[in-house]
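Numbering (our numbering), first residue to last: 11 to 432.
Cβ atoms here follow ideal geometry from the backbone N, Cα and C, with glycine treated the same way.
The block underneath contains the structure these notes are about, expressed in structure tokens.
Structure below.
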């Protein structure tokens, strides 16, 4: 990445998922005639990498765009990401943004930004990037994008329509990417994509085979994965779960624990087989997270009670809970009955409380030494994540940022672990 006092400054605002985080790094890596700034007040250009998973995500991006008028340099506003395919045309016609480009155009960002006239290049939904990212600005862990798009058609989800069908990056390109970042000092890698578990499906390979090859690269210490579907954890994958390079945490997308609600959502997973899988992984020492949508249309009181009864049986430790938000253009958007906001909020709080208690019990009962990558320092305390994806706060007289430390003496608090490291 090139830095100079004379180049126009570009600030990247990234909304949404880890895939967007990686996409932003791809754009940064392709800038040659511009300088990346971490301060939006210094920006000559603001690039917004948008999320469009819900209507409220669109509203958040629109609100951010409106706020840019207050910046001292009145920067050019360039819009990209998933929102290009849903709200891009309206934003462009209303002159809310100066220019737009889609996912497939992001490697051309330098050329696009040199064009100071207004433009709208949506691109296509079949593209695969070729860029090798050499660094992650402001990050201790490296995100590795291994695939793009999704073949599932869950009733609430717009993402396949804005990122396209599932397609995988070439294995050689991924391994080159990992090798480059490992040689630059990164030891923890997070595999990301729209539907990570679908990796290799059309290339006669698999996620498990990729993991094995990644683990052989010098410098690779720990590998995590983004959200994976229960049906994608096959026997080949299960053979790897006790390998030392595997983080002892998996995030497995359930979305619900009511059989009928899964059918309404057009999900492929089943409650009983999900439970069996979670119990197997838990018995092998794994912390387990999930996605869960609360208040989806059709979620009656009876179905909610059934879901919570089932949820208590799952050995969960983390949850990424969503209160359902309508996404125009999806089947769920027209489903009845809609769930009132106060009811959905109450259910959300009930769900989160259950998982918080499960997480506390997991940390309290853990007997393994914690292996922590220290990522940052805040208010004089060092912060990092252990192998179970739990946060730990460390008091130390030594600068630990970027270091790996082993912790076996720590205090378990409500929402984190706390330790002293000399």
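In terms of alpha-carbon separation, which member of the options lies closest to residue i?
i: residue 40; options: 144, 247, 51 and 377; result: 144
i: residue 138; options: 177, 362, 225 and 172; result: 177
i: residue 199; options: 65, 299 and 155; result: 155
i: residue 520; options: 364, 170, 62 and 307; result: Nothing can be reported for residue 520: it is not among the residues displayed for the chain, which extend from 11 to 432.
i: residue 295; options: 302, 258, 276 and 273; result: 258
i: residue 194; options: 289, 299, 352 and 227; result: 227
i: residue 88; options: 77, 95, 117 and 122; result: 122
i: residue 424; options: 390, 368, 408 and 413; result: 368
i: residue 78; options: 53, 100 and 377; result: 53
i: residue 173; options: 112, 342 and 185; result: 112
i: residue 210; options: 185, 190 and 181; result: 181
i: residue 360; options: 98, 347 and 314; result: 314
i: residue 347; options: 100, 18 and 310; result: 310
i: residue 293; options: 115, 214, 389 and 376; result: 376
i: residue 399; options: 362, 335, 326 and 289; result: 326
i: residue 253; options: 62, 397, 61 and 76; result: 397
i: residue 344; options: 371, 374, 319 and 306; result: 306
i: residue 422; options: 388, 394, 372 and 297; result: 372
i: residue 291; options: 322, 32, 73 and 245; result: 245
i: residue 320; options: 370, 266 and 366; result: 266
Which residues in the same chain have their Cβ closer than 8 Å to the Cβ of residue i, if we skip the five residues on either side of it in sequence?
i: residue 392; result: 384, 386, 403, 404, 405, 406, 410, 411 and 431
i: residue 278; result: 162, 239 and 241
i: residue 230; result: 188, 192, 197, 199, 224 and 255
i: residue 75; result: 58, 87, 89, 101, 106 and 107
i: residue 436; result: Only positions 11 to 432 of the chain appear in the structure, and residue 436 is not among them; the question remains open.
Under 8 Å by Cβ, that's how I've got residue i and residue j pegged, so tell me the actual separation to the nearest angstrom.
i: residue 82; j: residue 103; result: In fact, because the Cβ distance is near 27 Å, the residues do not count as touching under 8 Å.
i: residue 158; j: residue 204; result: 6 Å
i: residue 93; j: residue 68; result: 6 Å
i: residue 117; j: residue 36; result: 7 Å
i: residue 302; j: residue 264; result: 6 Å
i: residue 206; j: residue 237; result: 7 Å
i: residue 233; j: residue 201; result: 7 Å
i: residue 142; j: residue 115; result: 18 Å between Cβ atoms; not a contact.
i: residue 272; j: residue 288; result: Rounded, the Cβ-Cβ distance is 15 Å, inconsistent with contact.
i: residue 339; j: residue 171; result: 7 Å
Spell out the partners DSSP gives residue i in its beta bridges.
i: residue 392; result: 387 and 404
i: residue 301; result: 330
i: residue 421; result: 428
i: residue 91; result: 60
i: residue 21; result: 56
i: residue 129; result: 109
i: residue 260; result: 298
i: residue 380; result: 417
i: residue 178; result: 157
i: residue 202; result: 155
i: residue 265; result: 302
i: residue 238; result: 262
Is it true that the CB of residue j sits closer than 7 Å to the CB of residue i?
i: residue 130; j: residue 28; result: no
i: residue 416; j: residue 379; result: yes
i: residue 316; j: residue 268; result: yes
i: residue 274; j: residue 308; result: yes
i: residue 250; j: residue 285; result: no
i: residue 64; j: residue 337; result: yes
i: residue 169; j: residue 160; result: yes
i: residue 127; j: residue 335; result: no
i: residue 62; j: residue 96; result: yes
i: residue 401; j: residue 374; result: no
Between residue i and the rest of its own chain, which residues show a CB-CB distance below 7 Å, the 5 nearest in sequence each way excluded?
i: residue 358; result: 304, 331 and 333
i: residue 34; result: 22, 24 and 59
i: residue 419; result: 429
i: residue 43; result: 17, 120 and 124
i: residue 270; result: 313
i: residue 70; result: 25
i: residue 14; result: Residue placement at residue 14 is poorly supported in this model, since its pLDDT is 49, which falls under 50; the coordinates still yield a value, given next. Around residue 14: 45.
Give me, in chain order, the residues of the same chain whose beta-carbon lies closer than 6 Å to that of residue i; leave out the 5 immediate sequence neighbours on both sides.
i: residue 86; result: 55 and 108
i: residue 247; result: 218
i: residue 16; result: none
i: residue 19; result: 45, 47, 52, 53 and 54
i: residue 110; result: 89, 94, 98, 102 and 130
i: residue 341; result: 165
i: residue 414; result: 383
i: residue 235; result: 201 and 206
i: residue 349; result: 305 and 309
Cβ of residue i less than 7 Å from any chain C Cβ?
i: residue 232; result: Annotation note: the requested chain C is absent from the structure, which comprises a single protein chain.
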